[in-house]
Amino acid sequence: MNKALSLSSAAAAGKLVAPLVGNFQGSFNMEQFFRRKDKVVFVMGATGTGKSRLAIDLATRFPAEIVNADKIQVYEGLDVVTNKVTDEERRGITHHLLGSIDPYSNFSSHDFTHHASDAIESILARDRLPIIAGGSNSYIEALVDDYSEFRFRYDFCFLWVDVSLPILHNFVSDRVDQMVDGGFVEEVREIFDPKGDYSYGIKRAIGVPELHDYLKAERDGADERTLLILLELAISKIKDNTCLLALRQWQKIRRLQNKRNWNLQRLDATGAFLTDNENSHPVWEKNVVEPSSMIVDKFLHNDTRRITTTVFSPEPVHHAAAVSR
Numbered sequence: 108m109n110k111a112l113s114l115s116s117a118a119a120a121g122k123l124v125a126p127l128v129g130n131f132q133g134s135f136n137m138e139q140f141f142r143r144k145d146k147v148v149f150v151m152g153a154t155g156t157g158k159s160r161l162a163i164d165l166a167t168r169f170p171a172e173i174v175n176a177d178k179i180q181v182y183e184g185l186d187v188v189t190n191k192v193t194d195e196e197r198r199g200i201t202h203h204l205l206g207s208i209d210p211y212s213n214f215s216s217h218d219f220t221h222h223a224s225d226a227i228e229s230i231l232a233r234d235r236l237p238i239i240a241g242g243s244n245s246y247i248e249a250l251v252d253d254y255s256e257f258r259f260r261y262d263f264c265f266l267w268v269d270v271s272l273p274i275l276h277n278f279v280s281d282r283v284d285q286m287v288d289g290g291f292v293e294e295v296r297e298i299f300d301p302k303g304d305y306s307y308g309i310k311r312a313i314g315v316p317e318l319h320d321y322l323k324a325e326r327d328g329a330d331e332r333t334l335l336i337l338l339e340l341a342i343s344k345i346k347d348n349t350c351l352l353a354l355r356q357w358q359k360i361r362r363l364q365n366k367r368n369w370n371l372q373r374l375d376a377t378g379a380f381l382t383d384n385e386n387s388h389p390v391w392e393k394n395v396v397e398p399s400s401m402i403v404d405k406f407l408h409n410d411t412r413r414i415t416t417t418v419f420s421p422e423p424v425h426h427a428a429a430v431s432r
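This is the structure:
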């Protein structure tokens, strides 16, 4: 058999082969060059689109563990404010970098790259699939493009959970009201900083600086009417800033798709957000989970044929009642 053909076939199968050039000099590791790349799946999307939900859904279908890529959810504390998935919602799936970092430190993109790389290797060592899920695209971009070994060591698949922005904005606005009912203000009160320094750590979370004037007035003994007005203003700012965050995240994903050619597989979850809670699950399964599972299955089995995902339906006028993350 032709030696070049033999080498090509063995490399494609992920087998280790001896170098053809016997007198090769230098530190180049031929064994590493011909090793089969490990697989990593990314789940991306704007805040509130259901990234965590999809990652967990996938992890129940494939032997996987999840690495959080949200720059605020990495910190310990403020579980309601940061909208972390609960123990019940995790469904027994192991999560890494979720609520594990000192809340008063600054966890940079470089820090994330280091910790996420360690987590990926530990997951792979257990013969499981790493799923990186989160809305902090700067973290993901740093890991994929700035970490020099990442593209050399791994094959990766990008899933983009997308929701029509007007529908998403209505949803995240309603979600803020639910979070306020669930103890949002009480959590922020516990870390209130009268000096107003919200430049580091978990204090940068949306909702913490917005509540400053209200909590300061409360501490200073303001009357009930003044407090009510300040609280309403704070909640309105939280909603506006959450919607602005969603827009910026969406814009960044489009830039990554268009300029870096990341080949994002877009999944339109809008339909699930237009269905009442009782009926949203079947729509989510059909429109998001099933096509995602098919994409991941093909990716894991080296089927490189491109899959065409769904596109936006016309914009309806009503908004979502479904709860997502």
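Quick note on this note's numbering: the sequence shown kicks off at 108 and runs consecutively. Glycine included, every Cβ here is placed at the ideal spot set by N, Cα and C.
Asked	Found
Per-residue burial, residue 282 [other beta carbons within 10 Å of its own, 16 or more giving buried]	buried
C-beta contact flag for residue 269 and residue 376 at 8 Å	yes
Residues bridged to residue 146 (per DSSP)	262
Rounded separation between residue 165 and residue 325 - CA only	45 Å
Between the CA atoms of residue 390 and residue 335 - distance to the nearest angstrom	39 Å
Buried/exposed call for residue 217, threshold 16 Cβ in 10 Å	exposed
Identity of the residue in 392, 372, 314 and 406 nearest residue 152 by Cα	372
Residue 204 vs residue 175 beta-carbon contact at 8 Å	yes
Distance, residue 406 Cα to residue 264 Cα	7 Å
Residue 290 classed as buried or exposed, judged by whether at least 16 other C-beta atoms fall within 10 angstroms	exposed
Among 144, 167, 384 and 149, the one whose alpha carbon lies nearest that of residue 278	384
Residue 67, DSSP secondary structure in three states	Since the first residue of the chain shown is 108 and the last is 432, residue 67 is not available in this structure.
With 16 other Cβ atoms within 10 Å as the buried cut-off, status of residue 294	buried
Continuous alpha helix (DSSP H) assignments of at least 4 residues falling wholly in the region 150 to 225	158 to 168 and 194 to 197
Beta-carbon separation (whole angstroms), residue 201 vs residue 250, contact threshold 8 Å	That belief does not hold up - the Cβ atoms of residue 201 and residue 250 are roughly 19 Å apart, past 8 Å.
Pick from 365, 318 and 188 that is closest to residue 154, judged by C-alpha positions	188
According to DSSP, residues forming a beta bridge with residue 236	171
Close Cβ partners of residue 134 (< 7 Å) along its chain, the five nearest in sequence each way excluded	The predicted model places residue 134 with a pLDDT of 49, which falls under 50 and marks its position as unreliable, so this point remains unresolved.
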